Amino acid sequence: MRALTGTGQALTDEDLLALYAAPRRLRGALDGPHGPRSTGSARHDPLSARPADRPWTRMMFISSADGAAAVDGRSGGLGTPADHRVFALARRDADVILVGAGTVRAEGYDGPLVDAEASAWRTARGLDAHPEVAVVSGGLHLAASDPFFLRAPGRPVVLTSAAALRDHADRAAALADVADVLAAGETDVDPAIALALLAARGHRVVHGEGGPSLFGAVAAAGRLDELQLSLSPVLVGGDGPRILTAAQAVGLDLRLVHVLHEDSMLLLRYVAAGSTNALEDGAALDVRPSGNDA
Numbered sequence: 005m006r007a008l009t010g011t012g013q014a015l016t017d018e019d020l021l022a023l024y025a026a027p028r029r030l031r032g033a034l035d036g037p038h039g040p041r042s043t044g045s046a047r048h049d050p051l052s053a054r055p056a057d058r059p060w061t062r063m064m065f066i067s068s069a070d071g072a073a074a075v076d077g078r079s080g081g082l083g084t085p086a087d088h089r090v091f092a093l094a095r096r097d098a099d100v101i102l103v104g105a106g107t108v109r110a111e112g113y114d115g116p117l118v119d120a121e122a123s124a125w126r127t128a129r130g131l132d133a134h135p136e137v138a139v140v141s142g143g144l145h146l147a148a149s150d151p152f153f154l155r156a157p158g159r160p161v162v163l164t165s166a167a168a169l170r171d172h173a174d175r176a177a178a179l180a181d182v183a184d185v186l187a188a189g190e191t192d193v194d195p196a197i198a199l200a201l202l203a204a205r206g207h208r209v210v211h212g213e214g215g216p217s218l219f220g221a222v223a224a225a226g227r228l229d230e231l232q233l234s235l236s237p238v239l240v241g242g243d244g245p246r247i248l249t250a251a252q253a254v255g256l257d258l259r260l261v262h263v264l265h266e267d268s269m270l271l272l273r274y275v276a277a278g279s280t281n282a283l284e285d286g287a288a289l290d291v292r293p294s295g296n297d298a
């Protein structure tokens, strides 16, 4: 991958990790093969001024050019190698991966979500070898026998409602054998409570992977800090889902931080208006594979 301006050299994984770093990661100069890259936000940790129950929360989605979030029920059909690369790096840098139960089923979450190289990268930087995975299911529509739990690299977290724990006590007891089951609201999962519970587990950076209802709930609750959106150069049509579903208008303003592109695929990074003081302006970049990086 390479920059649109400047040296024209390919962007390395470390370059991309620096470009996408959450504020907590921006401590000290971010040096790469093209020289030091020191930013204003790198001089301190902007998250230190936040309440303890407010981790940096980002959501990552892909959409077609006409707004479809999936092809044949899955988002994977919209992706490209560049999108997959950035997606894998986002997981590498996450404290916890937040995902809805429907997405776990539809996308086939099963086994480790980061590879051995990413695990080694994480442990070398003082992170757990695998990010914790938190699954949201307000109605507790999960089973302890699901492959996701049977082959999980660590003990997942299930965020559900107190009502579901009462109504499905046997299911909750079975899930408690394979996961930490937490009530994050009375009748539904409250994003503010869910994120506070994750923060209490030591997580400062939450990486969300959908689905649309979870994204809508987080945004409507005013807990969204960042959106990483891949815009695929295809038209899907039909009446499939969008990336966000919400029962009420969200009305959240976003600020574009940077744009990457490869062969007409756009990789956009937005920050919510209320979180922009944590990051500097970015630049338009080209992430086309080049040379040894292809």
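The working numbering puts the first residue of the sequence shown at 5, with every later residue one more than the last.
Every residue, glycine too, gets a C-beta built ideally from N, C-alpha and C.
Only a predicted model underlies this, so the values are computations on that prediction, with no experimental measurement involved.
Roughly how many whole angstroms lie between the Cα atoms of Gly142 and Ala14? Mapped onto the sequence shown, residue 142 falls at position 138. Mapped onto the sequence shown, residue 14 falls at position 10. The alpha-carbon atoms of Gly142 and Ala14 are separated by roughly 44 angstroms.
First through last residue of the alpha helix (DSSP H) which encompasses Glu136: As a first step, residue 136 must be located in the sequence shown, where it is residue number 132. Not the alpha helix (DSSP H): Glu136 falls in the beta strand (DSSP E), residues Glu136 to Val140.
Do you know offhand how far Ala127's Cα is from Leu117's? Taking the first residue of the sequence shown as position 1, residue 127 is located at position 123. Taking the first residue of the sequence shown as position 1, residue 117 is located at position 113. The question names Ala, yet the displayed sequence has Thr at residue 127. Spanning the two alpha carbons is a distance of roughly 15 angstroms.
For a minimum of 3 consecutive residues, which ranges assigned as the beta strand (DSSP E) are wholly contained in the region 164-209? 184-187
Measuring only the C-alpha atoms, how far is Phe65 from Ala276? Mapped onto the sequence shown, residue 65 falls at position 61. Mapped onto the sequence shown, residue 276 falls at position 272. Those two C-alpha atoms are separated by around 15 angstroms.
Which residue marks the beginning of the beta strand (DSSP E) containing Ala276, and which one marks its end? Translated into positions along the sequence shown, residue 276 becomes position 272. Residues Met269 to Ala276.
Kindly indicate which residue of Tyr274, Ser279 and Met269 has the alpha-carbon position closest to the one of Pro85. The count along the sequence shown starts at 1 and reaches residue 85 at position 81. The option with the nearest alpha carbon to Pro85 is Met269.
Could you tell me whether the Cβ atoms of Leu186 and Asp97 are closer together than 8 angstroms? Working through the sequence shown from its first residue, we reach residue 186 at position 182. Working through the sequence shown from its first residue, we reach residue 97 at position 93. Not in contact: Leu186 and Asp97 (Cβ atoms no closer than 8 angstroms).
N- and C-terminal bounds of the alpha helix (DSSP H) containing Thr84: Within the sequence shown, the letter at position 80 stands for residue 84. Taken as a continuous stretch (DSSP letters only), Thr84 belongs to no alpha helix (DSSP H), as it is neither H nor E.
Restricting to runs no shorter than 4 residues, where is the alpha helix (DSSP H) found entirely within the region 206-242? 216-224
Applying the 10 Å Cβ sphere with the 16-neighbour rule, what's the burial state of Ala223? One-based indexing of the sequence shown puts residue 223 at position 219. The residue is buried, with at least 16 neighbouring Cβ atoms inside 10 Å.
Among the residues of its own chain, which have a CB less than 7 angstroms from the CB of Pro237, if the five just before and after it don't count? Along the sequence shown, read from residue 1 onward, the residue named residue 237 stands at position 233. Only Ala69, Ser268 and Met269 meet the Cβ criterion.
Classify Thr249 as helix, strand or coil using the three-state DSSP reduction. Indexing the sequence shown from 1 puts residue 249 at position 245. Coil at Thr249, not helix or strand.
Using CA coordinates, which residue listed in Asp184, Arg175 and His145 is at the minimum distance from Pro160? On the sequence shown, position 156 is the one that residue 160 refers to. For Pro160, the nearest C-alpha among the options comes from Asp184.
Coil, strand or helix - Asp19 by DSSP: Along the sequence shown, read from residue 1 onward, the residue named residue 19 stands at position 15. Helix.
Go to Val103, then tell me how far its beta strand (DSSP E) extends in each direction, as first and last residue. Here the question's residue 103 lines up with position 99 in the sequence shown. Where Val103 is concerned, the enclosing beta strand (DSSP E) stretches over Val100 to Gly104.
Nearest-angstrom Cβ-Cβ length linking Leu264 and Leu271, presumed shorter than 8 angstroms: The residue you call residue 264 lines up with position 260 of the sequence shown. The residue you call residue 271 lines up with position 267 of the sequence shown. Correct: roughly 4 angstroms between the Cβ atoms.
Going by beta-carbon coordinates alone, are Tyr24 and Leu93 separated by less than 8 angstroms? On the sequence shown, position 20 is the one that residue 24 refers to. On the sequence shown, position 89 is the one that residue 93 refers to. Yes. Within cutoff.
According to DSSP, simplified to helix, strand and coil, what is Arg155? Sequence index remark: in the sequence shown, residue 155 carries index 151 (1-based). Reduced to three states, the DSSP call for Arg155 is coil.
When the Cα atoms are used, what is the spatial distance from Thr43 to Leu144? Position 39 of the sequence shown holds residue 43. Position 140 of the sequence shown holds residue 144. In this prediction, Thr43 scores a pLDDT of 37, lower than 50, which makes its location untrustworthy; no coordinate-derived value is stated.
Beta strand (DSSP E) containing Pro259: first to last residue? Within the sequence shown, numbered from 1, the residue matching residue 259 stands at position 255. A small fix is needed here, since residue 259 is Arg in this sequence, not Pro. Unbroken beta strand (DSSP E) run through Arg259: Leu258 to Glu266.
Between Val240 and Ala26, how many whole angstroms is the CB-CB distance? I'm expecting something under 8 angstroms. Position 236 of the sequence shown holds residue 240. Position 22 of the sequence shown holds residue 26. Contact doesn't hold; Cβ gap of about 31 angstroms is too wide.
Tell me, to the nearest whole angstrom, how far the beta carbon of Ala1 is from that of Leu169; I am working on the premise that it is less than 8 angstroms. Residue 1 lies beyond the range of the chain shown here (5 to 298); nothing can be said about it.
When the Cα of Trp125 is compared with those of Thr191, Glu18 and Ser279, which residue comes out closest? Start at 1 with the first residue of the sequence shown, and residue 125 comes out as number 121. Cα-wise, what sits closest to Trp125 is Glu18.
Can Arg62 and Asp229 be called in contact, C-beta distance under 8 angstroms? Residue 62 sits at position 58 when you count from the first residue of the sequence shown. Residue 229 sits at position 225 when you count from the first residue of the sequence shown. A contact, by the Cβ cut-off of 8 angstroms.
Identity of the residues DSSP links to Phe65 by a beta bridge: The sequence position of residue 65 within the sequence shown is 61, counting from 1. Answer is Leu233.
Compare the C-alpha of Ala133 against each of Ala120, Val140 and Val139 and name the closest. Taking the sequence shown and counting its residues from 1, one reaches residue 133 at position 129. Minimum Cα distance to Ala133 is reached at Ala120.
Below-8 angstroms beta-carbon distance, Leu231 vs any chain C residue: Looking for chain C here will not work: only one protein chain is present.
In terms of residues, what are the limits of the alpha helix (DSSP H) holding Ala122? In the sequence shown, the residue the question calls residue 122 occupies position 118. Segment Ala120 to Ala128, the alpha helix (DSSP H) holding Ala122.
Are the CB atoms of Leu191 and Ala225 nearer to each other than 8 angstroms? To locate residue 191, count along the sequence shown from 1; it is residue 187. To locate residue 225, count along the sequence shown from 1; it is residue 221. In the sequence as presented, Leu is not what sits at residue 191; that position holds Thr. Contact flag unset, no.
Determine whether the beta carbon atoms of Arg89 and Gly115 lie at a separation below 8 angstroms. Position 85 of the sequence shown, counting from 1, holds the residue named residue 89. Position 111 of the sequence shown, counting from 1, holds the residue named residue 115. Taking 8 angstroms as the Cβ cut-off, Arg89 and Gly115 do not qualify as a contacting pair.
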